[in-house]
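Reviewing the structure listed below.
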Amino acid sequence: LNDGPLKGRHILVTSGPTHEPIDPVRYIANRSSGTQGTAIARALLGLGARVTFVTGPADVVAPMGVDLVKVQTAEQMLDAVQAAQDVDVGIFAAAVADWRIANASDQKIKKDGKGFPVLEFSENPDILATVCASKTRPALVVGFAAETQNVVENATAKRKRKGCDWIVANDVSPSTGIMGGSENDVVLITAEGSEDWPRMGKDQVAQRLAEKIAVALG
Ligand code: C5P
178 LNDGPLKGRH ILVTSGPTHE PIDPVRYIAN RSSGTQGTAI ARALLGLGAR
228 VTFVTGPADV VAPMGVDLVK VQTAEQMLDA VQAAQDVDVG IFAAAVADWR
278 IANASDQKIK KDGKGFPVLE FSENPDILAT VCASKTRPAL VVGFAAETQN
328 VVENATAKRK RKGCDWIVAN DVSPSTGIMG GSENDVVLIT AEGSEDWPRM
378 GKDQVAQRLA EKIAVALG
């Protein structure tokens, strides 16, 4: 582990999308690439933290040096998050599917010429809200808010609703190029208000966030 202001700290980071199975060969997912979460894990390692990195099937490879836990579904991600012990900071950058398929099939669904499959959904656990409400809540919990409209307003409400300390909010409208891109344009929302960060690389957003965490922990 590196020396640095986060030496001795254990930080949990969730990242990437989740895949929710329809049958053994099909799933629903979202466009998260895992780039921002991965950059955050790397920046935290650079400042000396021990990082538990719980990731769904992302496009990017996990940084060397993390305690890596690979998962597919939201339920598996929750299990992995709850298995992490003695976490000082939790950063929830994963784009967790809100719903899973309630009537997922054990076998590949076949075309039978008689009609189309009908998918039923059920709600996934909210990992961030669950952690925030738990007895073992980390001292600092950072959530993300991917919005396509009223970013600050929605994210401010989300911070309260989920019970986290900070929210990193961004506009993921397709026109911004943020989802899957290398840059991000974020607003950091805390109990004190909101801080508009200039558009910069996701690695720079990660570095700034990691440094801010180090300051907050003292
Ligand atoms: O409600 P929304 O999905 O916009 O909230 C985003 C934040 O909540 C992110 O930090 C995300 O990682 C987290 N989240 C979660 N579990 C869910 C849904 C969202 O941890 N099921």
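At position 3 of the sequence shown (counting the first as 1) the number is 180 in UniProt numbering, and the numbers step up by one without a gap. Yeah, the Cβ is synthetic: ideal placement off N, Cα and C, and Gly gets one too. From a predicted model like this one, the values you see are computed outputs, not experimental measurements.
Please indicate yes or no: does the CB of residue 346 lie closer than 7 Å to some heavy atom of the ligand C5P? As a working mapping, residue 346 is identified with position 169 in the sequence shown. No, the Cβ of residue 346 stays beyond 7 Å of every heavy atom of the ligand C5P.
Determine the closest residue to residue 186 out of 267, 245 and 209, with distance taken between C-alpha atoms. Your numbering for residue 186 matches position 9 in the sequence shown. It is 267.
Pull up the distance between the alpha-carbon of residue 196 and that of residue 301, whole angstroms please. As a first step, residue 196 is located in the sequence shown; it is residue number 19 there, counting from the start. As a first step, residue 301 is located in the sequence shown; it is residue number 124 there, counting from the start. When rounded, the distance between both Cα atoms is 12 Å.
For the ligand C5P, is there any heavy atom lying closer than 7 Å to the beta carbon of residue 269? Working through the sequence shown from its first residue, we reach residue 269 at position 92. Yes, since a heavy atom of the ligand C5P falls inside the 7 Å radius drawn around the Cβ of residue 269.
Who are the Cβ neighbours of residue 323 in its own chain at under 7 Å, not counting the five residues just before and after it? Reading the sequence shown from its first residue, position 146 is the one you call residue 323. If we look at residue 323 and ignore the five residues flanking it on each side, its Cβ neighbours are 272, 347 and 349.
Under DSSP, the beta strand (DSSP E) around residue 166 begins and ends at which residues? Since the first residue shown for the chain is 178 and the last is 395, residue 166 is missing from the structure and cannot be characterised.
What does DSSP give as the partner residue(s) for residue 229 in the beta ladder? For this step, residue 229 is matched to residue 52 along the sequence shown. Per DSSP, 189 and 244.
May I have the straight-line CA-CA distance separating residue 392 from residue 304, to the nearest angstrom? Working through the sequence shown from its first residue, we reach residue 392 at position 215. Working through the sequence shown from its first residue, we reach residue 304 at position 127. Each residue's alpha carbon lies about 26 Å from the other.
For a minimum of 4 consecutive residues, which ranges assigned as the alpha helix (DSSP H) are wholly contained in the segment 313-381? 328-339
Do residue 189 and residue 231 count as a contact pair if the criterion is CB distance below 8 Å? The residue you call residue 231 lines up with position 54 of the sequence shown. The residue you call residue 189 lines up with position 12 of the sequence shown. Yes, Cβ-Cβ distance for residue 231 and residue 189 is below 8 Å.
Is it true that the CB of residue 386 sits closer than 8 Å to the CB of residue 345? Counting from 1 along the sequence shown, the entry for residue 345 is found at position 168. Counting from 1 along the sequence shown, the entry for residue 386 is found at position 209. Result yes, Cβ atoms of residue 345 and residue 386 sit closer than 8 Å.
Verify the contact flag: residue 193, CB atom, against every heavy atom of the ligand C5P, threshold strictly below 7 Å. The residue you call residue 193 lines up with position 16 of the sequence shown. Taken from the Cβ of residue 193, every heavy atom of the ligand C5P lies 7 Å or farther away.
How many whole angstroms separate the CB atoms of residue 225 and residue 255, which I take to be in contact at a CB cut-off of 8 Å? Within the sequence shown, the letter at position 48 stands for residue 225. Within the sequence shown, the letter at position 78 stands for residue 255. Actually they are not in contact, since the Cβ atoms of residue 225 and residue 255 sit about 28 Å apart, beyond 8 Å.
One or two residues paired with residue 272 in a DSSP bridge: The residue you call residue 272 lines up with position 95 of the sequence shown. Per DSSP, 194.
Distance, Cα to Cα, residue 331 vs residue 320? Taking the first residue of the sequence shown as position 1, residue 331 is located at position 154. Taking the first residue of the sequence shown as position 1, residue 320 is located at position 143. Residue 331 and residue 320: Cα-Cα distance of roughly 13 Å.
Ends of the beta strand (DSSP E) at residue 203? Mapped onto the sequence shown, residue 203 falls at position 26. Taken as a continuous stretch (DSSP letters only), the beta strand (DSSP E) holding residue 203 covers 203-205.
Residue from 326, 284, 312 and 394 whose Cα sits closest to the Cα of residue 340: Counting from 1 along the sequence shown, the entry for residue 340 is found at position 163. Here the closest residue by C-alpha is 312.
Beta-carbon contacts of residue 286 that lie in its chain and below 8 Å, excluding the five residues immediately before and after: Here residue 286 corresponds to residue number 109 of the sequence shown, with the count starting at 1. Same-chain partners within the cutoff: 199, 200, 203 and 294.
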